[in-house]
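Asks: Using our numbering, read the sequence shown as starting at -19 and increasing by one per residue.
C-beta: ideal position from N, C-alpha, C; glycine also.
First, the structure itself, so that you have it in front of you.
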Amino acid sequence: MLEKPIFISADETTITVKVNLDESDSYRACQLCWKQYPQSWQDCKSKPIPIANTAVTIDATDLLPATTYCLRVEAKDGSGVVSDDLIVDTEAVSCTPQAKSCCIVQ
């Protein structure tokens, strides 16, 4: 099984996660997949993840503000191997200066 993405940060339109993959994994190609919470994984967006000996930081981009997203790592070899989901809310757009915060549902 692939390791679940680790939350780093979120703003109105981007969620940043850390993914731990290394060259000893049998998966030669993986991708970060994301979708809005109620959508099907068939409708997800994705970005390739480079396999490296260190953790990789990667962004899910072009997101909607104040929206709940599911993110996961998926092997691209057709094996159907996926990580557990990370569920994160993007920030709401604000007209006043305030500290940022986000909700993470593990």
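1. Is there contact here, the stretch 43 to 55 with the stretch -9 to -2, by at least three beta-carbon pairs under 8 Å?
2. Thinking C-alpha only, which one of K(-2), E54, V73 is nearest K25?
3. Can you grab the Cα-Cα spacing for the pair S74 / T47, in whole Å?
4. Please state whether DSSP places D104 in a helix, a strand or coil.
5. Can you tell me whether DSSP reads R52 as helix, strand or coil?
6. Among all the DSSP beta bridges, which residues are the ones paired with P28?
7. Can you tell me whether T(-6) is helix, strand or coil according to DSSP?
8. Evaluate P(-15) with the Cβ neighbour count: other Cβ atoms within 10 Å of its Cβ, from every protein chain shown; 16 or more gives buried, anything less gives exposed.
9. Leaving out five residues on either side along the sequence, give the residues of the same chain with a beta carbon under 8 Å from the beta carbon of K15.
Replies: In brief:
1. yes
2. E54
3. 14 Å
4. This structure gives no information on residue 104, because the portion of the chain shown stretches from -19 to 86.
5. strand
6. Q11
7. coil
8. buried
9. W21, D23, C24, K25, Y49, C50
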